[in-house]
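Number of protein chains: 2
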Amino acid sequence: MTFTEKKKLSKKELILERAAAMFREKGFAATSMRDLAESVGIEAASLYNHIHSKSQILEEIIFRMAKKCNEHLNDLDKPNVSCIEKVEAIIRFHVQMMINRFDDYHVMVNDWIHLTEPSLSDFVSQRREYVQRLEAILSDGIAKNEIRPIAPYVAILTILSSVRGLEFWHRSRKQISAREMEEHMVQHLLGGLKAK
Amino acid sequence: MTFTEKKKLSKKELILERAAAMFREKGFAATSMRDLAESVGIEAASLYNHIHSKSQILEEIIFRMAKKCNEHLNDLDKPNVSCIEKVEAIIRFHVQMMINRFDDYHVMVNDWIHLTEPSLSDFVSQRREYVQRLEAILSDGIAKNEIRPIAPYVAILTILSSVRGLEFWHRSRKQISAREMEEHMVQHLLGGLKAK
DNA sequence: CCTACCGATCGGTAGG
DNA sequence: CCTACCGATCGGTAGG
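These protein sequence lines are chains A and B, in that order.
Each residue of the first sequence is one higher than the last, beginning at 0 in numbering that gives the first Met the number 0.
Each residue of the second sequence is one higher than the last, beginning at 0 in numbering that gives the first Met the number 0.
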């Protein structure tokens, strides 16, 4: 990698970072390329030396995050890990993503509607598959009597939405630390699942 | 009320209804007045005989819903109702609102960011007060040993976000009926709160 | 409720 | 990376 390429890469990363922050604050549609350019410190036209289009920015932010989620789930696919341990790891992973990559996570969860075809269908099917894999882990745990017989569909929905709800916590002046929040969430969400 | 006023009123209601549906589908910023006009069946300019501006539509949708939430909470403020009964009523109320008034609920929860001042501050403070009232009910229940000693802040956040997560369920071809979903949610969310 | 139209702003391109 | 600029579309108004 030449020096020029390296510089270009890091400027692109800066654009993606600022874009995620602005998309989260104002939403994808309400953020203009001129707003974004100002935040990056260049003219709007100059953005196009680093990225192809506004849609491409959204796609990169969202599919990078989706990839992280899928990879984490792949890493968990070991036979010696119990189902309840897997669920705990998934809760912790999502809580940490929500806290540490707040802008990117928020954009994935809220702005995927603004994806255009074929990216939209791609994302929706990736997400469907992800949810199904989580449900399979829960079903497996129920079959092995590790987990209380609860509708996997409802449990997964509750877990993923609760994480999404951390947005409130993130916005408010934080009464509770990130570490405490994570423990509370694990306790609350996992506590309701474990078989006695 | 004259006949003319009555007709105007119902056309305005139609506009608000269609607007909520489109804001939910595409987001407030991505919905144009021309899109909305087409959905209503008139020209864009004609919308302005019924409403003042695009922002006003958003405000009406959101503050009507906020009012419903506040009124429901006021109705619950009776001394002979236990805290756990109050929490159950709140969960059921939100689940039913999410299911029966899906578009309006979704717009309130997702598109409030697009409110402009002074409406934005108004909404944010109303929501803050609402959450504080819910927390107070939980704190009261904990003090009376009706509810397990859990951080009220986290519990309220979990309840409200889980309801929001019903969006997934609503979008998907429904494997579970509304009635079942409500019972599952009450069981799951209330079950984790009750003192033994 | 429509036609006609306003100024502003949008995403993006040409050319250097 | 900038200046200059494109066609398209935006929310909204005038006038009837």
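Glycine included, C-beta positions come from ideal geometry on N, C-alpha and C.
Comparing C-alpha distances from cysteine 68/A to each of Phe27/A, Val185/A and Leu159/A shows the shortest one belongs to Leu159/A.
For leucine 75/A, there is no enclosing alpha helix (DSSP H), since its DSSP letter is neither H nor E. Under the criterion of beta carbons closer than 8 Å, leucine 192/B and isoleucine 155/B do not qualify as touching, at roughly 11 Å. The beta-bridge partner set that DSSP reports for lysine 193/B consists of Ile146/B. Residue-level contact by beta carbon fails for valine 94/A and chain B, as no gap is shorter than 7 Å. Look at glutamate 59/B here: in three-state DSSP terms it is helix. By the rule that beta-carbons nearer than 7 Å mark a contact, serine 160/A touches chain B.
For the stretch 44-68 of chain B, the set of residues with a beta-carbon nearer than 8 Å to any beta-carbon of chain A is empty.
Secondary structure in the stretch 78-150 of chain A: the alpha helix (DSSP H) runs of 4 residues or longer, each lying completely within the stretch, are 82-99, 101-110 and 118-142 in chain order. At a cut-off of 7 Å between beta-carbon atoms, alanine 177/A makes no contact with chain B. Taking the C-beta atoms as reference points, phenylalanine 92/B is found no nearer than 7 Å to leucine 57/B.
The beta carbon of histidine 49/A sits closer than 7 Å to those of Lys7, Lys10, Lys11 and Ile14, all from its chain and outside the five residues before and after it, given in chain order. Membership of phenylalanine 27/B in any alpha helix (DSSP H) is not indicated, and neither H nor E is assigned to it by DSSP. Within chain B, the residues placing a beta-carbon under 8 Å from that of valine 153/A are Ile175, Met180, His183, Met184 and His187, ordered along the chain.
The count of Cβ pairs closer than 8 Å, one atom from the stretch 129-148 of chain A and one from the stretch 81-92 of chain A, reaches three, so the stretches are in contact.
A straight-line Cα-Cα distance of about 11 Å links methionine 64/B and phenylalanine 122/B. Membership of glutamate 166/B in the alpha helix (DSSP H) is indicated by the continuous run 165-170. DSSP places tyrosine 47/B outside both helix and strand once states are collapsed to three, so it counts as coil. In the structure shown, serine 176/B falls within a coil segment according to DSSP collapsed to helix, strand and coil.
Distance from the Cα of asparagine 73/A is smallest, within the candidate group Glu128/A, Glu59/A and Asp110/A, for Glu128/A. CA-to-CA, the gap between isoleucine 90/B and glutamate 182/B works out to about 10 Å. Between alanine 28/A and chain B, the shortest Cβ-Cβ separation is below 7 Å. Below the 7 Å Cβ cutoff, chain A contributes Ser161, Gly164 and His187 as neighbours of threonine 157/B, in chain order. Look at glutamate 42/B here: in three-state DSSP terms it is coil, with no helix or strand label.
Here serine 31/B carries a coil assignment [DSSP, helix/strand/coil]. One thing to note: methionine 97/B has its Cβ no nearer than 7 Å to the Cβ of leucine 188/B.
A direct Cα-to-Cα measurement between alanine 194/A and proline 148/B gives close to 21 Å. The beta carbon of arginine 132/A lies closer than 7 Å to those of Leu72 in the same chain, with the five residues before and after it left out.
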